[in-house]
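In the numbering used here, the protein residues as written are 2 to 102.
We treat Cβ as the ideally placed atom computed from N, Cα and C, and that holds for glycine.
Put into structure tokens, the structure is as follows:
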């Protein structure tokens, strides 16, 4: 199976931008998602935080708007990333980002 596509909306809780040594622009966000969904006919509160990475010049026009407190919807793929502390985490690599008003 090769499907890897995620759509998630939420609020930015952290944001930083930088350029890699290879000259690629990156913006790294922490996205906080809160919602309620029905599961097994019962309403369930859902909460998660996930790191979102936007890479490349195509996000240059929106990067300055991606600040703490802004609501967005992100579409992309998830991948495993190992942190400096050796712990693994899922990261959402953005393919499309929309500001929510």
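Residue burial annotation: residue 57 is exposed, with fewer than 16 other C-beta atoms found within 10 angstroms of its C-beta. Under a 10 Å Cβ-count criterion, residue 93 is classified as buried, with 16 or more other Cβ atoms of the shown protein chains found around its own Cβ. For residue 89, DSSP records a beta bridge to 83.
Going by DSSP, residue 20 is part of the beta strand (DSSP E) stretching over 7 to 20. Closest in alpha carbon position to residue 99, among 21, 5, 45, 64, is 64. DSSP places residue 72 within a strand segment (E or B) once states are collapsed to three.
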